[in-house]
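Novice:
Residue numbers (my numbering): 2 to 258.
#1: So what does residue 144 bridge to, in DSSP terms?
#2: What are the uninterrupted segments assigned as beta strand (DSSP E) that are 3 or more residues long and contained completely in the stretch 216-243, given in chain order?
#3: Evaluate contact between the stretch 61-75 and the stretch 101-112, counting only Cβ atoms and requiring at least three cross-stretch pairs below 8 Å.
#4: For residue 255, which three-state DSSP category applies?
#5: To the nearest angstrom, how far is it from the Cα of residue 136 to the Cα of residue 160?
#6: What's the C-alpha gap between residue 98 and residue 76?
#7: From residue 187 to residue 61, what does the alpha carbon distance come to, in whole angstroms?
#8: Would you call residue 14 buried or exposed, if buried means 16 or more other Cβ atoms sit within 10 Å of its Cβ?
#9: Given a threshold of 16 other Cβ atoms within 10 Å of its Cβ, counted over all protein chains shown, does residue 152 qualify as buried or as exposed?
#10: Residue 104: buried (16+ other C-beta within 10 angstroms of its C-beta) or exposed?
#11: Would you give the residue range spanned by the beta strand (DSSP E) that residue 191 belongs to?
#12: What do you get for residue 58, buried or exposed, if any count of 16 or more other CB atoms within 10 angstroms of its CB means buried?
#13: Comparing the CB of residue 53 with every heavy atom of the ligand HEM, is any distance shorter than 8 Å?
#14: Given residue 25, which residues of its chain have a CB within under 8 Å of its CB, disregarding the five upstream and five downstream residues?
#15: Taking the alpha helix (DSSP H) that residue 102 falls in, what are its first and last residues?
#16: What whole-angstrom Cβ distance do residue 200 and residue 120 have, given they're in contact under 8 Å?
#17: Within 10 Å of its beta-carbon, does residue 142 have 16 or more other beta-carbons around it, so buried, or fewer, so exposed?
#18: Report back the beta-carbon spacing between residue 149 and residue 91 to the nearest angstrom; my notes put them in contact at under 8 Å.
#19: Taking contact to mean 3 or more Cβ pairs, one atom from each stretch, closer than 8 Å, check whether the stretch 77-88 and the stretch 216-235 are in contact.
#20: Cα separation between residue 139 and residue 124?
#21: Would you kindly work out how many angstroms separate the C-alpha atoms of residue 169 and residue 204, rounded to a whole number?
#22: Can you list, in chain order, the residues of its chain with a C-beta nearer than 7 Å to that of residue 48? Leave out the 5 residues immediately preceding and following it.
#23: Would you mind working out which of 129, 208, 40 and 50 sits nearest residue 78, comparing C-alpha positions?
#24: Using the beta-carbon count (16 or more within 10 Å), is residue 166 buried or exposed?
#25: If I measure Cβ to Cβ from residue 195 and keep anything under 8 Å in the same chain, skipping five residues before and after, which residues do I get?
#26: Going by C-alpha distance, which of 63, 32 and 74 is nearest residue 174?
#27: I need the straight-line Cα distance from residue 130 to residue 210, nearest angstrom please.
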């Protein structure tokens, strides 16, 4: 029995050593390297810039270039052949256009949510307290109708039963440009994302929109099917959806699912 046990132990030790040796000899998966281009909704400018900096510190052989614009504009660029590795949209509809067209074949991941807020001039001189109050001001800035923040704003106004005079509405190409109309004095108020109002600091004042009228903006992200650097593209998507990415997004006012 002792001899049998000794043989068993020897065999086990030999087997373990073989497994350890095989594991040691197995090639490690290479870290991502090279360059990637990330096209992301304009409302992600501040959060993704910070995420990009952290990502490059984690993967020091990867350089990230960002292209921030309205999600609808980014889709057109991608459909026309712009070299993009990762797309992050401010709505699911624009991401679906790329899925339907075959430009995105991986399953998009929802990584953040946002809500709307009214932005006014500092001190809220027009005493705006709700969407209904926008009917009495001279100029309201909204995103272009085809842009996600423009669609969300239209839905919020409809939910509130508010119809704005088109002659008193100015349109911005994206959320950042729409907010700038207020901070630069060209509009009395704007409907933009809560995160953009927060990022503007003292340049504007935020007014909450009733929950029953507000809209939830859903942000999906995915690598492009023909990404020139698929390994780094996947690593970036994974980083955005990691705990580190979530903390950065929450820091900038986004909700994470």
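Idealized CB from N, CA, C, for every residue including glycine.
Predicted, not measured: the structure shown is a model, and the values here were computed from it.
Specialist: Reading it off the structure:
#1: Numbered from its first residue, the chain shown carries residue 144 at position 143. Residue 144 is bridged to 173.
#2: 217-224
#3: Below 8 Å, too few C-beta pairs join the stretch 61-75 and the stretch 101-112 to call them touching: fewer than three.
#4: Residue 255 sits at position 254 when you count from the first residue of the chain shown. Reduced to three states, the DSSP call for residue 255 is coil.
#5: Translated into positions along the chain shown, residue 136 becomes position 135. Translated into positions along the chain shown, residue 160 becomes position 159. Cα to Cα, residue 136 sits roughly 15 Å from residue 160.
#6: To locate residue 98, count along the chain shown from 1; it is residue 97. To locate residue 76, count along the chain shown from 1; it is residue 75. C-alpha separation (whole angstroms): 8 Å.
#7: Your numbering for residue 187 matches position 186 in the chain shown. Your numbering for residue 61 matches position 60 in the chain shown. One C-alpha to the other measures close to 43 Å.
#8: For the purposes of this step, residue 14 is taken as residue 13 along the chain shown, with counting starting at 1. With a pLDDT of only 45 at residue 14, under 50, the local geometry of the prediction cannot be trusted, and the value read off the model is given with reservation. Flag for residue 14 reads exposed.
#9: Stepping through the chain shown from its first residue, residue 152 is reached at position 151. That one is buried.
#10: By one-based count along the chain shown, residue 104 stands at place 103. Result: buried.
#11: As a first step, residue 191 is located in the chain shown; it is residue number 190 there, counting from the start. Note, residue 191: beta strand (DSSP E), 190-194.
#12: As a position in the chain shown, residue 58 is number 57, starting the count at 1. Exposed, by the Cβ-count rule.
#13: Only the bare structure without any ligand can be found here, which leaves the ligand HEM out of the picture.
#14: Position 24 of the chain shown holds residue 25. Low per-residue confidence applies at residue 25: pLDDT is 46, beneath 50, and the placement is therefore not dependable enough to give any value.
#15: On the chain shown, position 101 is the one that residue 102 refers to. Taken as a continuous stretch (DSSP letters only), the alpha helix (DSSP H) holding residue 102 covers 93-102.
#16: Indexing the chain shown from 1 puts residue 200 at position 199. Indexing the chain shown from 1 puts residue 120 at position 119. Wrong, their Cβ atoms sit about 11 Å apart, outside the cutoff.
#17: For the purposes of this step, residue 142 is identified with residue 141 of the chain shown, where counting begins at 1. Per the 10 Å Cβ criterion, buried.
#18: Here residue 149 corresponds to residue number 148 of the chain shown, with the count starting at 1. Here residue 91 corresponds to residue number 90 of the chain shown, with the count starting at 1. Yes, they are in contact, since the Cβ atoms of residue 149 and residue 91 sit about 4 Å apart, within 8 Å.
#19: yes
#20: Here residue 139 refers to the residue found at position 138 when the chain shown is read from its first residue. Here residue 124 refers to the residue found at position 123 when the chain shown is read from its first residue. Each residue's Cα considered, the two are about 17 Å apart.
#21: Indexing the chain shown from 1 puts residue 169 at position 168. Indexing the chain shown from 1 puts residue 204 at position 203. Whole-angstrom Cα-Cα distance: 22 Å.
#22: The count along the chain shown starts at 1 and reaches residue 48 at position 47. 249, 250, 253 and 255.
#23: Within the chain shown, numbered from 1, the residue matching residue 78 stands at position 77. Nearest option by C-alpha distance: 40.
#24: The residue given as residue 166 occupies position 165 in the chain shown. Exposed, because fewer than 16 other Cβ atoms sit within 10 Å of the Cβ of residue 166.
#25: Counting from one through the chain shown, the residue named residue 195 turns up at place 194. Here the set comprises 115, 116, 117, 118, 207 and 254.
#26: The residue given as residue 174 occupies position 173 in the chain shown. Among 63, 32 and 74, the Cα nearest to that of residue 174 is on 74.
#27: Along the chain shown, one-based indexing puts residue 130 at 129. Along the chain shown, one-based indexing puts residue 210 at 209. A direct Cα-to-Cα measurement between residue 130 and residue 210 gives close to 8 Å.
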